[in-house]
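Working notes for the structure below.
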Amino acid sequence: MRSKIIFFTLCAVWLYSFALQAQNPLILDQYTADPTARVFNDKLYVYPSHDILCTEDKGRVGWFCMEDYHVFSSHNLTAWKDHGEILNQTEVAWADPSGYSMWAPDCVERDGKYYFYFPTKPKDEKGFKIGVAISDSPEGPFVPLEEPIAGVNGIDPNVFIDADGQAYLYWSGGNIFVAKLKPNMTELASEPQIIANLPQEGLKEGPFVFERNGSYYLTYPHVENKTERLEYAMGPTPEGPFTVTGVIMDESPTGCWTNHQSIVNFKDQWYLFYHHNDLSPDFDKNRSIRADSLSFNADGTIVKVQPTLRGIGINKATETIQIDRYSSKSNSARVQFNDPEAPFKGWNAVLNTGDFIRYNRVDFETKLSKLKIHVKSEAGAVLELTFADSDEPIVELKVANTADWSILDFDLDPVTEGVHDVGIKVISGAAAIDWIQFR
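Under the working numbering, the first residue of the sequence shown is numbered 1163, with each subsequent residue one higher.
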């Protein structure tokens, strides 16, 4: 395809009401943490906790603060729907209404009912209890039981239902515990037992159990050094004995103190869901959920996951492509907030002469011949649009001087249908790029 230079006269367009869509983090309009991912009715649901900012009259300033839960769903892993609040601390009869401690939850389905497990502080009692709320739909609303689960003290509930139908409840509180659940899913059927052979030094919490090829994986965050990394142990039964096997994800390179995981198979691909403080880099008690692909070695051990901004899913070319959520870039290209005072507005990529940025897995379902780009360049720039599977540039884009964000339109030769890796390179000048979109 012959490259062509397109000269465009700028007309500034202010971005007042554009809804950002990104990959990692998955949710951009609120803080989310502790994601439990589940597949119900061929759709992927994520049940996270909901971080908010503490104030003098709400929670403990400088600490974690959560008062409710939302649930999110996606059929394609790129577009996420918020189904709204499914449970609030004020709706739980036994909970402290000023606790602001609705921490990491879980949800499972049994016999057409959905059981939502959550920890929080009880009234007039120290520590944490674990409650159950029930719904006819994975999207709620969930109705909490009048009392927490008897015999359970701790946080981070996780429920695993084995192939024989037996359900197990796991939770943490200094150690990681397990007990069988009765068929009603709300009462213990066995005495809690501490899971042995796990690390004794450093905080460990957040158990999540899954089964693959006859092996049971107990995953958990553990502070080996200064912050939590994600580790796992393997065993022959849901109750063990477990053998510490490896690390799923290393400590945060930016120092986020917590992490919390779930692992799910969706449409024959395994995914790791976790969190980081992308939207709050200076305060790691306001976190955001992420997801990346996960794979296994031939012996069943987990290949360590390297966190990405690109995340998961195949974007349609006609969607807005947040190119700052890159799959690769040049070393000197950088990403910055669109507005540091309003992080929910997302990021942009800043590229100088010679810099490039790439975004993989973009689906061109039909032949498209136009490109929109949200860009600004105070001194002007010439950009080059490329595909990884093409030897030549698709088009050169000449951007005139603009100190303000502008949406520019360019004509293309019709793009071949298929999934392409899209790249932008700066030939001369410098530019900040927020998103691109094909039409």
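Note that the Cβ used here is the ideal one computed from N, Cα and C, for glycine as well.
Give the DSSP-derived three-state secondary structure of P1306 in the structure shown. strand
In terms of residues, what are the limits of the beta strand (DSSP E) holding V1223? Where V1223 is concerned, there is no enclosing beta strand (DSSP E), given that its DSSP letter is neither H nor E.
Kindly indicate which three-state DSSP category E1127 falls into: helix, strand or coil? In the structure as shown, the chain begins at 1163 and stops at 1601. Residue 1127 is therefore absent and cannot be evaluated.
G1397 bridges to which residues according to DSSP? Y1378
Tell me whether the beta-carbon of A1312 lies closer than 8 Å to the beta-carbon of E1349. yes
Would the segment 1556-1574 count as touching the segment 1481-1494 if we require 3 or more Cβ pairs under 8 Å? no
Exposed or buried, what is F1445 when buried is set at 16 or more other beta-carbons lying within 10 Å of its beta-carbon? exposed
By how many angstroms is the C-alpha of L1331 removed from the C-alpha of L1307? 17 Å
Contacting residues, own chain, Cβ-Cβ under 7 Å from E1309 (five flanking each side not counted): W1256
For P1576, name the three-state secondary structure that DSSP assigns. coil
Nearest-angstrom Cβ-Cβ length linking A1358 and G1402, presumed shorter than 8 Å: 7 Å
Does the Cβ-Cβ distance between I1586 and L1547 come in under 8 Å? yes
Top-ranked residue by Cα proximity to L1573, from S1539, I1595, K1529, D1583: A small fix is needed here, since residue 1573 is Asp in this sequence, not Leu. Looking at the Cα atoms, K1529 is the closest of the given residues.
Can you give me the C-alpha to C-alpha distance between V1406 and P1361, rounded to a whole angstrom? 8 Å
Does F1549 come out as helix, strand or coil in the three-state DSSP assignment? strand
Out of curiosity, what's the CA-to-CA distance linking G1364 and V1321? 24 Å
What is the rounded straight-line gap between the Cα of P1284 and the Cα of E1253? 13 Å
I'd like the list of long-range same chain contacts for I1535, defined as Cβ closer than 6 Å, with 5 residues on each side in sequence excluded. L1570, I1598
Compute the Euclidean distance between the alpha carbons of S1299 and L1441, then round it to the nearest angstrom. 30 Å
Count the other CB atoms, across all protein chains shown, that sit within 10 Å of the CB of H1237; report buried if there are 16 or more and exposed otherwise. exposed
On a Cα-Cα basis, can you pick out the residue from G1591, G1221, T1482 that is closest to R1601? T1482
Please work out which residues of its chain come closer than 8 Å, Cβ to Cβ, to C1173, disregarding the five sequence neighbours upstream and downstream, and give them in chain order. Note that C1173 scores a pLDDT of 34, beneath 50, so its modelled location is shaky and nothing firm can be said.
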